[in-house]
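So the sequence shown is numbered by full-length UniProt numbering: it starts at 1 and just counts up by one.
What follows is a short report on a single structure.
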Amino acid sequence: MTLTNNIFFWGVIITMMVGNPIAAQESAGGKEYALKAAFLYRFIDYVNWKDYSKNQTFKIAILEESPITASLQGIPKTKKIDIKEYKNLDEISFCNILFVPYDSTVPIETILSKFSGKPVLIVTERNGNGKKGAHMNFVIVDNKLKFEVNLKAINKAGIGISSFLLQHAIIVQ
Numbered sequence: 001m002t003l004t005n006n007i008f009f010w011g012v013i014i015t016m017m018v019g020n021p022i023a024a025q026e027s028a029g030g031k032e033y034a035l036k037a038a039f040l041y042r043f044i045d046y047v048n049w050k051d052y053s054k055n056q057t058f059k060i061a062i063l064e065e066s067p068i069t070a071s072l073q074g075i076p077k078t079k080k081i082d083i084k085e086y087k088n089l090d091e092i093s094f095c096n097i098l099f100v101p102y103d104s105t106v107p108i109e110t111i112l113s114k115f116s117g118k119p120v121l122i123v124t125e126r127n128g129n130g131k132k133g134a135h136m137n138f139v140i141v142d143n144k145l146k147f148e149v150n151l152k153a154i155n156k157a158g159i160g161i162s163s164f165l166l167q168h169a170i171i172v173q
C-alpha cells in the first residue's frame, strides 16, 4: 500500500474519530453518503476477493436507488471501477461489492441467500443487519459513522479482510 493511500485512509479515520457529526447531514447524498462512499472505495484495498485480479474492472452494485451512487461516481478513480444501480436483485449477476440501502425493499435474508458462498462483499446501512449476516454494516454511534464487520459471514463467503481494517471495525456475530 502506498504512503498516499495510508494518509488518505487515516485521514478518513481521524475525521470520524474526532467527532465529525453526521446526524446533521445536509441532504440526501450529503456528507453521510460522501463518507460512506469513501469507505466503500477504500474497502477495495483492504478486502481480498478470491479469483479477483487488480487488472480486472471492479464492480460495485447498488440495490435499488441510493444517494451513495452519486457520491461514489464523484470520487476520483485510480482503479477501473464500474458502479451501477439495479432495480431488483434478479438483475445482479456478478459484483464485488453489493451495497444495500437503508430503505431497500428486499429482505436481507433474501439477499444473503442469493449470494451465499459467493465472494460478494455485502454492505448495508440498517441497524441489525450485521448480526443478521451482512458482511459489513454502516452504523451511527455517538453521532459518528462506524462500520460493523461480521467475520463469520465474511469467512463463509470466502472473502479475506485485513487486520488493519478490522482494527477500526465493530465486530458482530
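Even glycine gets a Cβ: it sits at the ideal position worked out from N, Cα and C.
Alpha-carbon spacing of residue i relative to residue j, whole angstroms
i, j, result
"Gly30", "Asn137", "19 Å"
"Cys95", "Lys114", "12 Å"
"Ala70", "Gln173", "31 Å"
"Ile108", "Glu64", "13 Å"
"Lys118", "Leu89", "15 Å"
"Ala169", "Phe147", "6 Å"
"Lys59", "Gly133", "21 Å"
"Phe43", "Leu145", "15 Å"
Residues bridged to residue i [DSSP beta-bridge criterion]
i, result
"Gly160", "Asn48"
"Leu145", "Ile140"
"Val106", "Its beta-bridge partners do not exist; DSSP assigns none."
"Ala61", "Lys84 and Leu98"
"Asn150", "Val172"
Candidates the options, of which the one nearest residue i by Cα
i, options, result
"Ile159", "Leu35, Glu85 and Ile97", "Ile97"
"Ser116", "Ile154, Lys131 and Leu72", "Ile154"
"Ala61", "Lys144, Lys84, Ala169 and Pro119", "Lys84"
"Ile111", "Val139, Phe147 and Ala157", "Ala157"
"Val100", "Asp82, His135 and Lys80", "His135"
"Tyr41", "Tyr52, Lys79 and Asn55", "Lys79"
"Val120", "Asp51, Ser162 and Lys36", "Asp51"
"Leu151", "Lys144, Ile122 and Asn143", "Ile122"
"Val149", "Val141, Ile161 and Ala38", "Ile161"
"Ile81", "Asp45, Tyr102 and Glu91", "Asp45"
"Tyr102", "Asn127, Lys87 and Tyr86", "Asn127"
Sequence-distant residues of its chain with Cβ nearer than 7 Å to residue i (five each side left out)
i, result
"Gly74", "none"
"Tyr33", "Pro67, Ile68 and Ser71"
"Val106", "Leu63 and Leu89"
Close Cβ partners of residue i (< 8 Å) along its chain, the five nearest in sequence each way excluded
i, result
"Phe164", "Tyr46"
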